[in-house]
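Undergrad:
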Amino acid sequence: MGLSSAVTWWEEWQLRILPPVYTECKCEDYVRAAKRCVVDTPVYTECKCDMNRMFVDQYAPYSVRIEGLTSFLKLDYKDAYSELQKGLGKTFDGMYTRVGSINTGLGAGSFLLLPFLALASIVLFATSGKDGQNEKDIRVTYILLCSTTVLELWYPLLLFLYLLDPCIFNFFNGPFEGWHDMASQHNIMSLCVRKKKPTFLMKVATFNFLRELVNQHLYIQQVPIAYQITGTVRRHMEDGWKEYIRDPASYKSFSALRGQLALRMHHHQLAWSLKMPFDESVLVWHVARDLCFYQPNTSAQCQQGEAKQRGREISNYMFYLLLIRPEMLMLGAKSYLVTLASDKIVENSKGLLEPTEESLAREIFNLSPSAPDMVSNACKLAKALMELGGDERWTLIQGVWVEMLCYSASRCRGYLHAKSLGDGGECLTYIYLLWSFMGMETLADRHHMSEPLPFDSQGRHGQSAEGDMP
């Protein structure tokens, strides 16, 4: 499929799933209604959220959003996460498999006919003469034909089991229903340790650029933590509706938070760490969190705390996004910042002959102040964080990372989330969907809605639409 045809298909798919026009309401009315929903909506186990709109960058009227928010809030955390998983699974099936074509007569006919054609191809090949053919080629052909037949038979088999007995169907299909629970984890300290002490795979890669690729891409961990991260983020959004959002200005500014609210609640003097470009802030906070994590005066109780663990997981995930998928982290994010920071860390730890993540972090933490760069800023931030009490420190770090994660998810295009499903999907997509279903301002909303000009009709300097953070 060429680029032009792919774009045409995407536009047609958007138009096909768009709902009818709804009567619009004002932002003030929406905020008041949404706050009542968050406070008063009881919990049930069913949801009527429109999953068809998930990956379409289209503005949703406030009247539509309030319906979706009311329906989504009726679910508890577990059921809400299950709905997100099922929605992702259905979207993947519709975009990357033939499931969507089964509803047509031609699609249903091919769905039932192709398994028999695949079986017939095996029979014809087995009974045909193979004199003079290479034995290895024959084996490869059998493998390809049998694999194709298994794939073609899988869905008809599930359909047959469902018609025979739904319990048998659930036994076979249960583990595959919905989307996976994995979140990728990467860490700059482990990356730097491998730079100083290359692994076997890195030694095999002769050229330096190949070693760098191996170091970055082959040591990514997949951890089943998407449910826990999603639950933490949902609590943050609910608290935002209950305690932060009061009017349209605070509603819009909530989506612009990337750590300011957590700093205001705990330690306002660290605001300088968020005034740099977003990708630099992510890297500085990631290094600083690692430096704090490996300090010897961190209590054992805090080592196992939920806030500390969740902050570490989100930090490692966003570092992975910066390094591997910078286009999803933020438009214009620069992955080469990781190379600059890791080279600086390695350069300042030449005295370590057998480095570990812990020894490397302690060595960098004790560096004397130098010219301002990302590593020096991270050391400055880590030392300021270590002055806080253990529980307060890790609660603050978790709060900053949750806000950064929401900030990134709300600014990532739906097209990139849909594209990532073909590569296995991202935990960020859960946050993207959750942000939308919780009624927050999305990327399409910000582009669609007009903002007041900085000057009023009489030419005097006016107030910003988002306003200062309340």
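Each residue of the sequence shown is one higher than the last, beginning at 1 in the UniProt record's numbering.
Backbone N, C-alpha and C fix where the C-beta goes; we use that ideal spot for every residue, glycine too.
Just so we're clear, the structure is a prediction, and the values are computed from it rather than from any experiment.
Grab the span of the beta strand (DSSP E) containing A183 for me, first residue to last.
TA: For the purposes of this step, residue 183 is taken as residue 183 along the sequence shown, with counting starting at 1. Residues A183 to Q185.
Undergrad: Mapping DSSP to helix, strand and coil, what is Q221?
TA: Locating residue 221 in the sequence shown gives position 221, counting from the first residue. Strand, per DSSP.
Undergrad: Please confirm whether V39 and K242 have their CB atoms less than 8 Å apart.
TA: Taking the first residue of the sequence shown as 1, we reach residue 39 at position 39. Taking the first residue of the sequence shown as 1, we reach residue 242 at position 242. Contact flag set, yes.
Undergrad: Go through its chain and collect everything with a Cβ distance to G399's Cβ below 6 Å, but skip five positions before and after it.
TA: The sequence position of residue 399 within the sequence shown is 399, counting from 1. If we look at G399 and ignore the five residues flanking it on each side, its Cβ neighbours are A262.
Undergrad: CA-CA distance, Y251 and V214?
TA: If you number the sequence shown from 1, residue 251 lands on position 251. If you number the sequence shown from 1, residue 214 lands on position 214. If you take the alpha carbons of Y251 and V214, they lie about 43 Å apart.
Undergrad: Could you give the residue range of the alpha helix (DSSP H) that holds K197?
TA: Here residue 197 is taken as the residue at index 197 of the sequence shown, counted from 1. In the DSSP assignment, K197 falls outside any alpha helix (DSSP H), carrying neither H nor E.
Undergrad: Determine contact between the region 60 to 78 and the region 422 to 441, defined as no fewer than three beta-carbon pairs at a distance below 8 Å.
TA: yes
Undergrad: With the cut-off set at 8 Å, would you say A378 and C292 are in Cβ contact?
TA: Within the sequence shown, residue 378 is the residue found at index 378, counting from 1. Within the sequence shown, residue 292 is the residue found at index 292, counting from 1. No.
Undergrad: Under 8 Å, do I220 and H180 count as touching if we go by C-beta distance?
TA: As a first step, residue 220 must be located in the sequence shown, where it is residue number 220. As a first step, residue 180 must be located in the sequence shown, where it is residue number 180. Not closer than 8 Å, so no.
Undergrad: Within the continuous alpha helix (DSSP H) that includes M237, where are the two ends?
TA: As a working note, residue 237 is residue 237 in the sequence shown. Per DSSP, M237 belongs to the alpha helix (DSSP H) from A226 to D239.
Undergrad: L405 lies in the alpha helix (DSSP H); which residues open and close that run?
TA: The residue you call residue 405 lines up with position 405 of the sequence shown. Its alpha helix (DSSP H) spans residues G390 to S410.
Undergrad: Give the DSSP-derived three-state secondary structure of V153 in the structure shown.
TA: Taking the first residue of the sequence shown as 1, we reach residue 153 at position 153. Per the sequence shown, residue 153 should be read as Leu rather than Val. Of the three classes helix, strand and coil, the one that applies to L153 here is helix, per DSSP.
Undergrad: How would you label H286, buried or exposed, when you count the other beta carbons within 10 angstroms and need 16 or more for buried?
TA: Here residue 286 refers to the residue found at position 286 when the sequence shown is read from its first residue. The residue is buried, with at least 16 neighbouring Cβ atoms inside 10 Å.
Undergrad: So, using beta-carbon positions, are Y142 and R258 closer together than 8 Å?
TA: Here residue 142 is taken as the residue at index 142 of the sequence shown, counted from 1. Here residue 258 is taken as the residue at index 258 of the sequence shown, counted from 1. Going by C-beta atoms, Y142 is not nearer than 8 Å to R258.
Undergrad: Find out if the Cβ-Cβ distance for the pair V338, I188 is shorter than 8 Å.
TA: Indexing the sequence shown from 1 puts residue 338 at position 338. Indexing the sequence shown from 1 puts residue 188 at position 188. A contact, by the Cβ cut-off of 8 Å.
Undergrad: Terminal residues of the continuous alpha helix (DSSP H) containing G105?
TA: The residue you call residue 105 lines up with position 105 of the sequence shown. Taken as a continuous stretch (DSSP letters only), the alpha helix (DSSP H) holding G105 covers G105 to T127.
Undergrad: For a test of the three-state rule: what should DSSP assign to A361, helix, strand or coil?
TA: By one-based count along the sequence shown, residue 361 stands at place 361. Correct three-state label for A361: helix.
Undergrad: Going by alpha carbons, who is nearest to A126 out of F116, P115 and R139?
TA: Here the question's residue 126 lines up with position 126 in the sequence shown. Checked all of F116, P115 and R139; the closest Cα to A126 is R139.
Undergrad: Please classify H236 as buried or exposed, where buried requires at least 16 neighbouring CB atoms within 10 angstroms.
TA: Here residue 236 is taken as the residue at index 236 of the sequence shown, counted from 1. Its Cβ being crowded by 16 or more others within 10 Å, H236 is buried.
Undergrad: Give the single residue among V223, E212, I229 and S110 whose Cα lies nearest to the Cα of Y81.
TA: The count along the sequence shown starts at 1 and reaches residue 81 at position 81. Cα-wise, what sits closest to Y81 is I229.
Undergrad: What does the Cβ neighbour count give for Y415, buried or exposed, with the cut at 16 atoms within 10 Å?
TA: Here residue 415 corresponds to residue number 415 of the sequence shown, with the count starting at 1. Answer is exposed; the Cβ neighbour count stays below 16.
Undergrad: Once the 5 residues before and after D373 are set aside, which same chain residues still bring their CB inside 6 Å of it?
TA: Residue mapping note: residue 373 aligns to position 373 of the sequence shown, counting from 1. Once the five neighbours on either side are set aside, D373 has no close Cβ partner at all.
Undergrad: According to DSSP, simplified to helix, strand and coil, what is residue 472?
TA: The structure shown does not extend to residue 472, since the chain is modelled only from 1 to 470, so the question has no answer here.
Undergrad: Between L405 and L396, how many whole angstroms is the CB-CB distance? I'm expecting something under 8 Å.
TA: For the purposes of this step, residue 405 is identified with residue 405 of the sequence shown, where counting begins at 1. For the purposes of this step, residue 396 is identified with residue 396 of the sequence shown, where counting begins at 1. Between L396 and L405 the Cβ distance is about 15 Å, and since that is not below 8 Å, they are no contact.
Undergrad: Alpha carbon to alpha carbon, how far is S410 from A108? Give it in angstroms, no decimals.
TA: Counting from 1 along the sequence shown, the entry for residue 108 is found at position 108. Counting from 1 along the sequence shown, the entry for residue 410 is found at position 410. For A108 and S410, the distance between alpha carbons rounds to 38 Å.
Undergrad: Under 8 Å between the Cβ atoms of I245 and K35?
TA: Translated into the one-based positions of the sequence shown, residue 245 becomes position 245. Translated into the one-based positions of the sequence shown, residue 35 becomes position 35. Yes, the Cβ-Cβ distance between I245 and K35 is below 8 Å.
Undergrad: Looking only at its chain, what residues have a beta carbon closer than 8 Å to the beta carbon of E212, apart from the 5 residues adjacent to it on each side?
TA: As a first step, residue 212 is located in the sequence shown; it is residue number 212 there, counting from the start. So the list reads T339, once near-sequence residues are dropped.
Undergrad: Which residues in the same chain as W401 place their Cβ atom closer than 6 Å to its Cβ, once the five residues preceding and following it in sequence are excluded?
TA: Sequence index remark: in the sequence shown, residue 401 carries index 401 (1-based). Excluding sequence neighbours, W401 sits near G311, I314 and S315.
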